[in-house]
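Enquirer: Pasting in a structure now, in structure tokens, and then I'll have a few things to ask.
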Amino acid sequence: IALAERLAGQWDGWFDGFRALADASADWRALWSQYIDTFGDGIRTIPGGLAIRRAMRAFPELRAVDRFDNERLARQLATALAARGVRVSRRQLTMMARLLVETAVAVLDVALFEPQVPARTQIDELKRMHLAYLESCLDRPRTRRR
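Each residue of the sequence shown is one higher than the one before, counting from 16 in the numbering used here.
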């Protein structure tokens with residue numbers, strides 16, 4: 016458990032609290048694609064990364080570590096999206112961020128163990144899905160949704 020927690024903390028550092036995404040002048044599309052690639056590439060390259068991801072899916076104690084980490088990342092992402100100007104209720108914003116994090120992790124956990132070509136296709140489709148979703152709230156007039 017301690018190793019999984021340590022690696023999860025290292026993974027969180029790759030996103031730096033999504034601070035770059037909070038900058039309204041930054042290219043959010045490029046940043047989001049980079050976040051996805053950084054996680055996938057990072058897991059593959061750090062010693063034990065793939066084994067820990069596999070174990071996090073298999074053991075309840077490690078699933079709890081993963082869930083806690085995903086919740087932390089979602090809170091950071093919600094803060095960045097709010098700073099970026101997404102104007103929805105805090106509850107809606109938290110749900111949006113949680114879905115982005117959870118779907119990214121779920122798809123990447125599958126892609127990490129696939130051969131290169133199908134993995135790349137899965138990751139590209141994940142990006143298309145996420146970018147379309149983010150575009151629906153980042154590239155429109157700022158109105159409040161419930």
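We treat Cβ as the ideally placed atom computed from N, Cα and C, and that holds for glycine.
Determine the extent of the alpha helix (DSSP H) in which E129 is found, giving its start and end residues.
Expert: For the purposes of this step, residue 129 is identified with residue 114 of the sequence shown, where counting begins at 1. Note, E129: premise wrong, no alpha helix (DSSP H); not H, not E.
Enquirer: Does the separation of the CB atoms of A23 and R99 fall below 7 Å?
Expert: As a first step, residue 23 is located in the sequence shown; it is residue number 8 there, counting from the start. As a first step, residue 99 is located in the sequence shown; it is residue number 84 there, counting from the start. Result no, Cβ atoms of A23 and R99 do not sit closer than 7 Å.
Enquirer: Taking only three categories from DSSP, how would you classify V101?
Expert: Numbered from 1 along the sequence shown, position 86 holds the residue referred to as residue 101. Residue state, collapsed to three classes: coil.
Enquirer: On the criterion of 16 or more Cβ atoms from any shown chain inside 10 Å, does F83 qualify as buried, or is it exposed?
Expert: Within the sequence shown, numbered from 1, the residue matching residue 83 stands at position 68. Burial call: exposed.
Enquirer: Compute the minimum distance between the beta carbon of A17 and the heavy atoms of the ligand GTP, and state whether it is under 6 Å.
Expert: Ligands displayed in this structure: none; no statement on the ligand GTP is therefore possible.
Enquirer: Please classify D154: does DSSP put it in a helix, a strand, or coil?
Expert: Your numbering for residue 154 matches position 139 in the sequence shown. Note: D154 maps to coil in three-state DSSP.
Enquirer: Is there contact here, the segment 87 to 102 with the segment 25 to 39, by at least three beta-carbon pairs under 8 Å?
Expert: Taking 8 Å as the limit for Cβ pairs, the verdict is that the segment 25 to 39 does touch the segment 87 to 102.
Enquirer: Residues in the same chain with beta-carbon distance under 7 Å from I58, minus the five sequence neighbours each way, listed in chain order, please.
Expert: Stepping through the sequence shown from its first residue, residue 58 is reached at position 43. Closer than 7 Å at the Cβ level, and outside the excluded window around I58, lie G64, L65, R68 and L127.
Enquirer: Where does G63 sit, in a helix, a strand or coil, going by DSSP?
Expert: Here residue 63 refers to the residue found at position 48 of the sequence shown. Three-state DSSP puts G63 in coil, outside helix and strand.
Enquirer: Only counting the same chain, and skipping five residues up and downstream in sequence, which positions put a Cβ closer than 8 Å to that of V125?
Expert: Here residue 125 refers to the residue found at position 110 when the sequence shown is read from its first residue. Taken in chain order, the residues that qualify are Q137.
Enquirer: Apply the 10 Å Cβ neighbour rule to L96 and answer buried if 16 or more other Cβ atoms are within range, or exposed otherwise.
Expert: In the sequence shown, counting from the first residue as 1, residue 96 sits at position 81. That one is buried.
Enquirer: Short check: CB of A134 to CB of L77, under 7 Å?
Expert: Mapped onto the sequence shown, residue 134 falls at position 119. Mapped onto the sequence shown, residue 77 falls at position 62. For A134 and L77, no; Cβs fall outside 7 Å.
Enquirer: In angstroms, rounded to a whole number, what distance separates the CA positions of P156 and S104?
Expert: As a position in the sequence shown, residue 156 is number 141, starting the count at 1. As a position in the sequence shown, residue 104 is number 89, starting the count at 1. Model confidence at P156 stands at a pLDDT of 48, short of 50, so the residue's coordinates are unreliable and nothing is read from them.
Enquirer: Residues in the same chain with beta-carbon distance under 8 Å from W47, minus the five sequence neighbours each way, listed in chain order, please.
Expert: In the sequence shown, the residue the question calls residue 47 occupies position 32. Taken in chain order, the residues that qualify are L36, K142, H145, L146 and L149.
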